[in-house]
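Enquirer: Position one of the sequence shown corresponds to residue 288 (the working numbering), numbered consecutively onward.
We put the beta carbon where it would ideally sit given N, CA and C, even for glycine.
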Amino acid sequence: MSAVLAIDGGGSRTRCLAIDRRGRVLGKSESGPSNHLLVSGEIVRRSLAEAINDSLRSAGLNGDAVACVSAGLAGVDFDGAGASEMEALLRDLGFQNLVVNGDMVIAHAGALQLKPGVIALAGTGSVVLGIGPQNQRVKIGGWGPVYGDEGSAYRIGQESLRAAARAYDGSGRDTLLTNALLRGLGLNDFRETVMRVYVQGMESREIAALSRIAYEVAEGGDEVARNIFINAADELVEIVVTAIRRLNLEAGEIFVSYQGSVLESCHLLRERFIAHLKRGVPRSNVVAPEFEPVIGAYLLGCDALGWAVDAGVRDQLKRS
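(1) Let me make sure I understand the geometry here. Which of Gln445, Val527, Ala352 has the alpha-carbon closest to that of Gly429?
(2) Whole angstroms are fine: how far does the CA of Arg470 sit from the CA of Ala358?
(3) Which two residues bound the contiguous beta strand (DSSP E) that contains Val542?
(4) Just verifying my parser: in three-state terms, what is the DSSP assignment at Ser318?
(5) Nearest-angstrom Cα distance between Asp521 and Arg559?
(6) If you run the structure through DSSP and keep just helix, strand and coil, what is Gly350?
(7) How is Leu464 classed by DSSP in three states: helix, strand or coil?
(8) Among residues of its own chain, excluding the 5 on either side of Ser544, which ones have a beta-carbon nearer than 6 Å to its beta-carbon?
(9) When you compare the region 482-494 with the region 363-381, are there three or more beta-carbon pairs, one atom per stretch, that lie closer than 8 Å?
(10) Return the chain-ordered ranges of every alpha helix (DSSP H) run that is complete within the region 546-597 and spans a minimum of 4 residues.
(11) In this structure, how does DSSP classify Lys605 when only helix, strand and coil are distinguished?
(12) Going residue by residue through the region 432-489, where are the continuous alpha helix (DSSP H) segments of at least 4 residues, counting only ones entirely within it?
(13) The beta strand (DSSP E) with Arg492 in it runs from where to where?
(14) Quick check on Ala305: does DSSP put it in helix, strand or coil?
(15) From Glu510, His554, Ile541, Leu564, pick the residue whose C-alpha is nearest to that of Pro420; which is it?
(16) I think Val549 touches Gly438, with their Cβ atoms under 8 Å apart; what is that distance to the nearest whole Å?
(17) To which residues of the same chain is Gly298 closer than 6 Å at the C-beta, ignoring the five residues directly before and after it?
(18) On the CB-based measure, 16 or more other CB atoms within 10 Å of its CB, does Gln423 come out buried or exposed?
(19) Give me, in chain order, the residues of the same chain whose beta-carbon lies closer than 7 Å to that of Gln546; leave out the 5 immediate sequence neighbours on both sides.
(20) Quick one: complete alpha helix (DSSP H) runs, 4+ long, within the region 343-428?
(21) Are the region 453-472 and the region 505-522 touching by the rule of at least three beta carbon pairs closer than 8 Å?
(22) For the beta strand (DSSP E) that Val291 lies in, which residues bound it at each end?
(23) Per the DSSP calculation, Val331 is bridged to which residue(s)?
(24) Can you tell me whether Val387 is buried or exposed? The criterion is at least 16 other CB atoms within 10 Å of its CB, across all chains shown.
(25) On the DSSP letters alone, give me the boundaries of the alpha helix (DSSP H) that Asp232 sits inside.
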């Protein structure tokens, strides 16, 4: 029996699935971070080795059964920059047949099943990746919070704090965000948020987490909160349209999908995103992601091996 080791490695965790050519998940595991831009090489090596070994162990397989290791890693860019270091590490772990991509590439592959098109990734941060019919690639965004992170949970959390501050000062519209954010942060006075943000220091993920509070307020009908999500959707549409234009996608349907908590969990934002994009690009067809990113890594591995992924394999993957 042979299997693809599909890996999704990020800044906080690394997932590994051992999947055979029929689409059956034989083993799975999860370990620590593997973004070599954020953590030491020792930690990356340990995370990848642990994820691979535990996945093989749970599948009852040894290294000889691995047809290839197909990894999507956060420290690798859309064009393969940074891949060579990770390939060397994986070879040192005993694997020679490798497919190493950026994490956004496996997200695209999973969402669109290797079809050309554009994917918007909006979680803590945001980035848009477009892949054309000749595998031409374009990335828009992904610069982090200082540069923008348009439509991301961080941006929504930040805009929510700004709106609440303006309401507190009386220079902006009244909004329920002010009290909701105070409750979420466990504070009594909005002035205390200055200490929390600047002195104690809120990490990007903590500010991004405020987007969940803001969404509850928006769902309750607060216009200020709703406009934050509408603006976030419009920002994402703008960069998706830029990717479509730069890829020169001229004929037929243009498939667009998404991954990440913002577009997957926020119905208000997603519906605005779809409607606004359709108005601007009538040939666009927004489809829900077919598979999660780690399955995208598997599909890319199958493509490299020449393994057919037919309807039966796809159905098995959905059941696994």
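Expert: So, from the data block:
(1) Val527
(2) 41 Å
(3) It is worth fixing the name first, because residue 542 is Phe in this sequence and not Val. Per DSSP, Phe542 belongs to the beta strand (DSSP E) from 541-546.
(4) strand
(5) 8 Å
(6) helix
(7) helix
(8) Ala398, Leu399, Ile406, Val574, Pro576
(9) no
(10) 548-552, 554-567, 580-592
(11) helix
(12) 440-456, 464-472
(13) From DSSP, Arg492 is part of no beta strand (DSSP E) but of the alpha helix (DSSP H) over 491-506.
(14) strand
(15) Ile541
(16) 7 Å
(17) Pro320, Asn322, Leu325, Ala361
(18) exposed
(19) Ala394, Ala398, Ile406, Leu408, Pro576, Pro580
(20) 370-379, 390-399
(21) yes
(22) 290-296
(23) Paired residues: none, contrary to the question.
(24) buried
(25) With the chain running from 288 to 607 in the structure shown, residue 232 is simply not present.
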